[in-house]
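> Below is one structure. I have some questions about it.
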Ligand SMILES: [Ca+2]
Ligand SMILES: [Ca+2]
C-alpha cells in the first residue's frame, strides 16, 4: 500500500507538471524566454523528494544519517525526535537504497550505523523498531547474529563489512541511520 501510494503520488506529480507545462506553453505567446525558463525549471520542482524535512530520498525510502555516536536506545530516540525510526530494511531493494544513501553521505569515510533491529524483547526474536517482526529478508554478516557474551541485542550495519548486519551490545556507540515515511 505504501509503495502504491507513493507511485500514485509520483504519477500525480508528473501529470500536474505536464499540464502546467502545456498551459504555460500555449499561453506564453511572445514571452518565449519566460516560457522556456518555466519548462526547464518546473520539472525539478515537480519531481522533488516527498520526504520530510531533513530526510533524503533513496529508492522508496527517506533516510537521515545522524553523525554522532550514540547507544542504540538514544539513537532510536534521536530518530523519533526527527520524526522517524531507526531504519527498517525488509527487502534487497531497501538494502540497496540504504547502501546508495550511505555511499552518498560517506565522503570516502567508512562508518557503522545502528539500524532498527533488536531482540531485546526475547533472545532470537528479532523485531524492527516499527513493531514488525524480522521477515524472510536479512543481510547478516557470516556468523552473525552470535549474541556474543550473551549480551548482543541490537543490530548495526558496517560499511567495512559490505553493509552487512551484526548484533552488538546495545550500549555500544554508533552513528544512527534514521528512516521516515514519505508522503
Ligand atoms: Ca541477542
Ligand atoms: Ca555479534
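Numbering (this note's numbering), first residue to last: -3 to 179. Here a beta-carbon is modelled for each residue, glycine too, at the ideal position from N, C-alpha and C. Here the structure is a predicted model, which is why all the values come from computation and not from measurement.
For residue 154, tell me which candidate among 98, 52, 54, 90 has the shortest Cα-Cα distance.
When only C-alpha atoms are compared, the closest one is 98.
> Cβ of residue 176 within 7 Å of Cβ of residue 55?
No, the pair does not count as a contact, with Cβ atoms beyond the cut-off.
> Can you find at least 3 beta carbon pairs, one from the region 71 to 91 and one from the region 136 to 144, that sit closer than 8 Å?
Touching, no, given that fewer than three Cβ pairs across the two stretches are closer than 8 Å.
> Which parts of the region 35 to 92 are runs of the beta strand (DSSP E), unbroken and 3 residues or longer, counting only runs that do not cross its ends?
Counting whole runs of 3 or more residues, the region 35 to 92 contains the beta strand (DSSP E) stretches 52 to 54, 57 to 66.
> In angstroms with no decimal places, state the Cα-to-Cα distance between residue 51 and residue 57.
So the two alpha carbons sit approximately 9 Å from each other.
> Could you tell me whether the Cβ atoms of residue 174 and residue 149 are closer together than 7 Å?
Going by C-beta atoms, residue 174 is not nearer than 7 Å to residue 149.
> Could you check whether the Cβ of residue 143 sits closer than 6 Å to any heavy atom belonging to ligand 1?
The answer is yes for residue 143.
> Looking only at its own chain, which residues have a Cβ that is under 8 Å from the Cβ of residue 95, when we skip the five neighbours before and after it?
Same-chain partners within the cutoff: 159.
> Based on Cα-Cα distance, which residue from 102, 111, 146, 119 lies nearest to residue 135?
Comparing Cα-Cα distances from residue 135 to each of 102, 111, 146, 119, the minimum goes to 111.
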